[in-house]
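Working notes for the structure below.
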Amino acid sequence: MTHHYAVEITLTRPASHAELDRARRRVALAANADRTRLMTLQSGKGPGRALHRLRQRLGTSLPIDVLSTHYPDRDGQVLLNVALTPCADRAIRQAAAASGRRPRDVLHERITAGLARDQSRRRQRLESQLQRLLDHHTAEEVLACAATHLLPRRSPR
97 MTHHYAVEIT LTRPASHAEL DRARRRVALA ANADRTRLMT LQSGKGPGRA LHRLRQRLGT
157 SLPIDVLSTH YPDRDGQVLL NVALTPCADR AIRQAAAASG RRPRDVLHER ITAGLARDQS
217 RRRQRLESQL QRLLDHHTAE EVLACAATHL LPRRSPR
């Protein structure tokens, strides 16, 4: 049975209007304001087939970095479709052969490790900036200021 899957397309750079027009002749697309992320629906027997099919349909009409399913599956996983450079592909395959694993498992491990490193760096940067604020302001002042920016603003009645 064929289903439709919401697919997010992340681009390596903003797409030009001409590139978007060309791609829209093949696939219905919605673009964000800066034209670096697109959304579409793609049919397929499974999410992997839908991503593969979309990559084939779009070909080289857009500077695609990653295709991903927009909604997690039953296991909470988002499926990625990444086109690797020949050099990166060779390195992944060599690492997989050396460890006796599948290339996609090695790629999964490296992506997961990279995301964890990025999240750790972001957390450290946030904590550092917060500490600098607390050097000059009380915790109450920082919290009150943050709350005014994070809570939805109420319109006067």
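This note's numbering runs 96 ahead of the 1-based position in the sequence shown.
Just so you know, even glycine gets a beta-carbon here, dropped at the ideal spot from N, CA and C.
Residues near residue i in its chain [Cβ-Cβ closer than 6 Å; skip 5 each side]
i: residue 100; result: 137 and 139
i: residue 131; result: 110 and 111
C-alpha gap between residue i and residue j, whole angstroms
i: residue 179; j: residue 159; result: 11 Å
i: residue 122; j: residue 154; result: 7 Å
i: residue 124; j: residue 110; result: 18 Å
i: residue 233; j: residue 226; result: 10 Å
i: residue 223; j: residue 168; result: 30 Å
i: residue 113; j: residue 149; result: 23 Å
i: residue 235; j: residue 247; result: 18 Å
Residue i Cβ short of 8 Å to the ligand NAD heavy atom set
i: residue 205; result: Although the ligand NAD was asked about, the structure shown includes no ligands whatsoever.
Residue i and residue j closer than 9 Å at C-beta
i: residue 107; j: residue 161; result: yes
i: residue 104; j: residue 166; result: yes
i: residue 213; j: residue 199; result: no
As assigned by DSSP and simplified to three states, the class of residue i
i: residue 244; result: helix
i: residue 200; result: helix
i: residue 210; result: helix
i: residue 155; result: coil
CB-CB length for residue i against residue j, believed under 8 Å
i: residue 163; j: residue 147; result: 5 Å
i: residue 151; j: residue 177; result: 6 Å
i: residue 194; j: residue 157; result: Not a contact, Cβ separation roughly 36 Å.
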